[in-house]
Structures are given as structure tokens and as C-alpha cells.
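Chemist: Note that this note's numbering has the sequence shown beginning at 534, numbered continuously upward.
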Amino acid sequence: MVRTDQTAAEFVRLHKAFILHFGAATVLAWATALYAGFHAPWVRNLAFLIDPSSYKVESTWSYLFGFPLLMTVAWVAVLLARDMLFATRLRGHLVAEFAVAGAVGFLMFYLAIDRAVAALRLAF
């Protein structure tokens with residue numbers, strides 16, 4: 534694969550856009566989780582209160598803050614590893630790679646918000 538200045542500039546442009554948007558999603562996920570944390574009941578098994586047929590045991594802390602914490606770790610990793618990510622690209626299609634990364638980031642954001650809303654439904 535030939536690396537040119539044009540592909541490097543395109544990578545940097547897409548990386549900056551991804552960092553900005555994924556960082557905003559991470560902040561929104563934390564804000565929603567913290568808001569839900571103030572209003573949700575703090576119990577050892579919040580998953581049972583939301584869905585009584587569930588056999589999964591999750592405390593309020595892990596239920597609300599698991600995905601925002603995972604998003605923060607992923608955001609910091611992507612922020613600090615720009616050069617390594619450029620060197621280990623899988624395909625020549627930069628836009629496709631960033632689209633897949635964006636889809637995964639959006640899925641994590643959606644799951645974080647969904648969990649916070651489910652916990653808020655218990656409080657109100």
C-alpha cells in the first residue's frame with residue numbers, strides 16, 4: 534500500500550473529526566449517566582428492577598457507568614494512538630474504516646443512553 538501525503542492529510546482530517554464527535558458523545562453519555570445516577574435507586578441488582586425476568590445481576594454503578602467508562606477509555610486510546618492507527622490501517626479506504634469506527638462508537642453511545650433512560654424510568 535502506497536502512503537502519500539494526501540492519504541496522511543485525509544487520515545488526520547478524519548481522525549480529528551472522529552475525536553471531536555466521539556468526545557462529545559462520551560461527554561453526553563457521562564452527563565446522562567450522572568443525571569440518572571442522582572435519581573436512580575442504588576441497589577445491588579438494578580437489572581432485576583428494570584426487567585424482573587432477567588437473571589443478570591448488575592449493580593447500579595456498573596449498569597449506569599460501565600459504557601461511559603468504556604467510551605472514555607476508547608476515546609483516550611484513539612486520541613493518543615493516532616500514529617499507530619495510521620500505520621496499522623486494515624484497508625485502503627479511510628472513509629470506510631472511520632465509518633465502521635463511528636458506527637461502533639454510536640452503538641456504545643446508544644447503549645449508554647438506553648441504560649440511563651431505563652434507570653430514570655424507575656425513578657419517575
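Using N, Cα and C, we set each Cβ at its ideal position, and we do this for glycine too.
Identify which residue in 545, 540 and 565 has its Cα closest to the Cα of residue 611.
Modeler: Residue 611 sits at position 78 when you count from the first residue of the sequence shown. The option with the nearest alpha carbon to residue 611 is 545.
Chemist: Do you know offhand how far residue 599's Cα is from residue 617's?
Modeler: Residue numbering aside, residue 599 sits at position 66 when the sequence shown is read from its first letter. Residue numbering aside, residue 617 sits at position 84 when the sequence shown is read from its first letter. So the alpha carbons of these two residues sit roughly 26 Å apart.
Chemist: Of the choices 581, 650, 573 and 605, whose alpha-carbon is the least far from that of residue 553?
Modeler: Taking the first residue of the sequence shown as 1, we reach residue 553 at position 20. The candidate whose alpha carbon is nearest that of residue 553 is 605.
Chemist: According to DSSP, is residue 538 helix, strand or coil?
Modeler: As a first step, residue 538 must be located in the sequence shown, where it is residue number 5. In this structure, residue 538 counts as helix in the three-state DSSP scheme.
Chemist: Is the beta carbon of residue 569 less than 8 Å from the beta carbon of residue 597?
Modeler: As a first step, residue 569 must be located in the sequence shown, where it is residue number 36. As a first step, residue 597 must be located in the sequence shown, where it is residue number 64. Yes, the pair counts as a contact, with Cβ atoms nearer than the cut-off.
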